[in-house]
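What follows is one structure encoded as structure tokens, with my remarks underneath.
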Amino acid sequence: MPKTRFLLAGFCAVAISATCAHAQIQGEVTTARDLIEQMDQYYQRVLPDTKPETVKGSGYKPFKRYEWFMETRLGNDADIPVGARGQAFDKLQEMSARGSFPSWFSLGPTNVAGRCLAIAVDPTNSNIVYAGFASGGIWKTTDGGVSWTPLGDNLPSMSVSALALDESNPSTIYMGTGEGWGNVDAIHGVGILKSTDGGATWNTTGFTYAIASGLDVFRLEYEETTGVLLVAAENGLWRSTDGAATFTEVMESGDWRDVKLKPGTTDTYYAISRGWTGQGGYKSTDGGVTWTQMAGGAPNTGVGNGRLAVTPANPNYVYWSFDVAGAGIRIYRSTDSGANWTQRSSVVHDGGLGQGWYDLSIAVDPQDADIVTSGGVELYRSTNGATSFSQIATNVHVDHHEAVYDPSDPERMWVGSDGGVYLSSNGGQSFIPRNTGLVTLQFYAMNQSMTSTNLAFGGTQDNGTWRFLGSPSFGQVLGGDGFECEISLDNQLVFAEVYNGFHYRSTTGGSGFTPSNSGISEDGPWQTPTHMDYSSNTTWTGHNAQIWRTTNNGGSWGSVLASGLGGGRSIDQSYNNPDYVYCIGGARIFRSTDHGASFTQMAQLSVGNTLTDITVHPDNPDIAMVCTGSYSGSVPRVLRTTDGGTNWTDMTNNLPGEGAQSITYKYDEPNIVFLGTDLGCYVSFNEGGTWEPFNVGLPFVICDDLRWHPDNFLRVGTHGRGMWEVDITGLAPSTAVDDATPEVSPLTMRVLGNPAGPNVPTSIRFGLREAGRAKIGLYDTNGRLVSLLLDREVEAKVDFIDIHTNSLPSGVYFVRLDVGPDSVTQKLVVKR
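Residue numbering for the sequence shown is -23 to -1, 1 to 809, as defined by mature numbering (1 follows the signal peptide of the UniProt record, and there is no 0).
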């Protein structure tokens, strides 16, 4: 399965938009730093005596996600350099492909999804639907959402914000990339990509980010008769008439949020913008060549993020939903094709202050122009032309971004939210989840049992904390935004947390949690680090100013660093010398030599506030490595100390330059170090002397948390594509020649507990790249089938089965996994 190579230098960007996505900000901001500072001031002003995170719909939590995401990528800089991520991607592509490395396989979850921004339904086949995710790429279903397949895991952007199909040839898809809402992972995209084969392959178009100046696409509208493609983007309104080969900017200013074709016409369009002196609604009657600002009561001032909706039930109707600073969502309607407008609803849909700058959707019934579905935090429905609304679909995940009707079946409606994709078959009156097979969860952090390969926990953006049990995969154990997790050696004591350092513990392996904050007198950062010593269950957490420790399984906590932490980022401990514990906060390095009873500051690095993770050498506690999330050329991505943290050496060396989020030693071979970045994973076989891409089979996705397992697995929690693992048994430097295409394995299998014996539990861990019917057979040395261990349909992920060997005579056997034409075999030794 070859990787498609995209070279993006000069037009892939990661800069924050010059026009703020948040309606709460008055006027323009020029940098990400401006945005963060002004949003902080806004919440201090409107909620001075309240914990903002407790106010539903205030938008505070999406803002804090954004602040957390940007903090370590900015450091002391005001903004991320335009083109920095694209240049890093180009350098990654130029590094030698490593065909001899093992392949990564997905762990899931496959039963829950992350933030869905765009949905497009094939007009000729209701079962074919495309869904675009904030950091999980584009997916396709051919069975109405019963199952999904990823398209373009090797594309340079996993952020899909807009989709449009050519209705005369729906295998032609236009995909807008980059998410410009200013939330947690709003890494900008690579312009517009195009597929002419239903998403099997993709090509760049004339809408590159040399044109788009490093900004994002919000909406696409394609008219198949004239071949006009209109693009609503952060830096203007754009038009193409040649299949996206070339583009002309038809409106040169503004932050354009939506564009819609009037039903039944080929040349009449509506478009809306915000954040500039000419903001408001516009109309074109010549195919998008020229535009006139709509009047007649149109809301052309104080307009925030907006969405348009039209309907064939009455082509003259246009609905305009938009965010108003601190006042929720307003809806205006025109019944004469935009000539006159009236306000239909001033409902603050979601209580609180409203966060329509982040989540907003609207759709009108194709059979009744008075039935309107409006999404914000929750989902609402009106049957009187948006005069009044009632909340619907309480089973649908909050934070709505998309709502579309099936063009060939007006009773079918799809919505996209922070919890994935949902389908209504009765015109929006009720919904069912359609997330099976989607692997798009956005992990902040993950951890795993060190004594079992089938137990792991992870915290996710807006989808809570999840527990992995091998099979049947994942289950949610806490709600909200989930973060760090810790697991004891006996797998019974588990710590988890939600935002700002509010801790929970379970003494039953994660089956139930209770708060664990007694003694802690301060909040923590948005993501607060924790670490458990496996030998004693002693656990530490780094809050805003102090480090806290519990020695009684979370019953109470005491301070072991009284001040000066600067916002905890990561804690680690020497695996074989547990008296040595390190903690990083801001740019500061702290160390303990007394099992975390006290900490001393060892250094303050000149890297701004960009430190993201630390890993301590398992055998020599004076050696440690840290990584930074910076995109600045003057800030190292990796540093190493050999004297306990006093002095640090830059180990960036040949890394391409994207921000790094996670680093870990291979504890049984500490010359090997793994690094997780915004573009995947790297490995060094000489403690950072040189680095090699370690991405075979892994999408180009943000790798937030890498973890080594003693059974020689490496796992990662990604921000957009769930959890993954790779078998690193016998890992060695690549022997592939330059430019060799990496061979992505379709299957993987390991027999654990081998040799098998009376007191040795044995299991088979196996993974599929694509879903299919899997057969696992146990064979003797003559090739005869001894036992058929598995014969069933299996999802595209890692799974496992137990083997009962008590009845088998001593000897050598072979376990073979067959899926279609592919197979893999491993020897099993049974001893009595």
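For each residue, glycine too, the CB sits at the ideal point set by N, CA and C.
Legend entry - Identity of the residue in 175, 80, 52 nearest residue 127 by Cα: 175
Inset, instruction - Could you tell me whether the segment 247 to 256 touches the segment 222 to 236, using the rule of 3 or more Cβ pairs below 8 Å? - result: yes
Inset, instruction - For the segment 253 to 294, list the beta strand (DSSP E) runs that are entirely contained and at least 3 residues long, ordered along the chain. - result: 257 to 261, 283 to 287
Legend entry - Reference residue 431; option with closest CA among 273, 22, 444: 444
Inset, instruction - Name the two residues that bound the continuous alpha helix (DSSP H) containing residue 61. - result: 61 to 71
Inset, instruction - Compare the C-alpha of residue 87 against each of 802, 782, 788, 773 and name the closest. - result: 773
Inset, instruction - Could you spell out the range, first to last residue, of the alpha helix (DSSP H) harbouring residue 243? - result: Neither: residue 243 is in no alpha helix (DSSP H) and is coded neither H nor E.
Inset, instruction - Look up residue 578 in the DSSP assignment and say whether it is helix, strand or coil. - result: strand
Inset, instruction - If I'm right that residue 194 touches residue 138 with Cβ under 8 Å, what's the distance once you round it to whole angstroms? - result: 5 Å
Inset, instruction - Using the Cα positions of residue 49 and residue 502, report the straight-line distance between them to the nearest angstrom. - result: 12 Å
Legend entry - Residue closest to residue 421, alpha-carbon to alpha-carbon, out of 282, 10, 64, 697: 697
Legend entry - Span of the beta strand (DSSP E), counted from its first residue to its last, around residue 55: Per DSSP, residue 55 belongs to no beta strand (DSSP E) and is neither H nor E.
Legend entry - For residue 579, the nearest candidate out of 565, 587, 571 (CA to CA): 565
Legend entry - Residue range of the alpha helix (DSSP H) that includes residue 14: 9 to 23
Legend entry - Complete alpha helix (DSSP H) runs within the segment 432 to 494 (minimum length 4 residues, chain order): none
Inset, instruction - In the DSSP assignment, find the beta strand (DSSP E) that holds residue 317 and state where it starts and stops. - result: It is not in any beta strand (DSSP E) - residue 317 carries neither H nor E in the DSSP assignment.
Inset, instruction - Sort out for me which residues DSSP pairs residue 643 with in a bridge. - result: In DSSP, residue 643 forms no bridge with anything.
Inset, instruction - Compare the beta carbon distance of residue 285 and residue 237 with 8 Å and say whether it is the shorter of the two. - result: yes
Inset, instruction - List the whole-angstrom C-beta distance separating residue 227 from residue 256, where the pair is believed to meet the contact cut-off of C-beta under 8 Å. - result: Not a contact, Cβ separation roughly 16 Å.
Inset, instruction - Name the one or two DSSP bridge partners that residue 736 has. - result: DSSP lists no partner for residue 736.
Inset, instruction - Within the segment 385 to 437, note down every full beta strand (DSSP E) run reaching 3 residues or more, in order along the chain. - result: 386 to 394, 397 to 401, 420 to 425, 433 to 437
Legend entry - CA-to-CA distance, residue 659 to residue 670, given in whole angstroms: 4 Å
Inset, instruction - Kindly confirm or deny that the segment 458 to 474 and the segment 407 to 427 touch, where touching means at least three C-beta pairs closer than 8 Å. - result: yes
Inset, instruction - May I ask you to report which of helix, strand or coil DSSP gives residue 45? - result: helix
Legend entry - Rounded separation between residue 476 and residue 442 - CA only: 11 Å
Legend entry - Nearest candidate by alpha-carbon position, reference residue 304, set 296, 278, 297, 332: 332
Inset, instruction - Would you grab the beta carbon distance between residue 543 and residue 61 for me? Rounded to a whole angstrom, and I think it's under 8 Å. - result: Residue 543 to residue 61, Cβ: 25 Å. No contact.
Inset, instruction - Specify whether the segment 757 to 764 and the segment 794 to 809 touch according to this definition: at least 3 beta carbon pairs, one from each stretch, less than 8 Å apart. - result: no
Legend entry - Three or more C-beta pairs below 8 Å linking the segment 19 to 38 and the segment 593 to 606: no
Legend entry - Cβ contact (3+ pairs, closer than 8 Å) linking the segment 502 to 511 and the segment 525 to 545: yes
Inset, instruction - Could you name the residues of the same chain whose beta carbon sits closer than 8 Å to that of residue 30, not counting the 5 residues immediately before and after it, in chain order? - result: 37, 38, 41, 476, 477
Legend entry - residue 37 - DSSP class collapsed to helix/strand/coil: helix
Inset, instruction - Would you please state the rounded distance, in angstroms, between the beta carbons of residue 382 and residue 340? I believe it to be under 8 Å. - result: 6 Å
Legend entry - residue 726 versus residue 417 - alpha carbon distance: 24 Å
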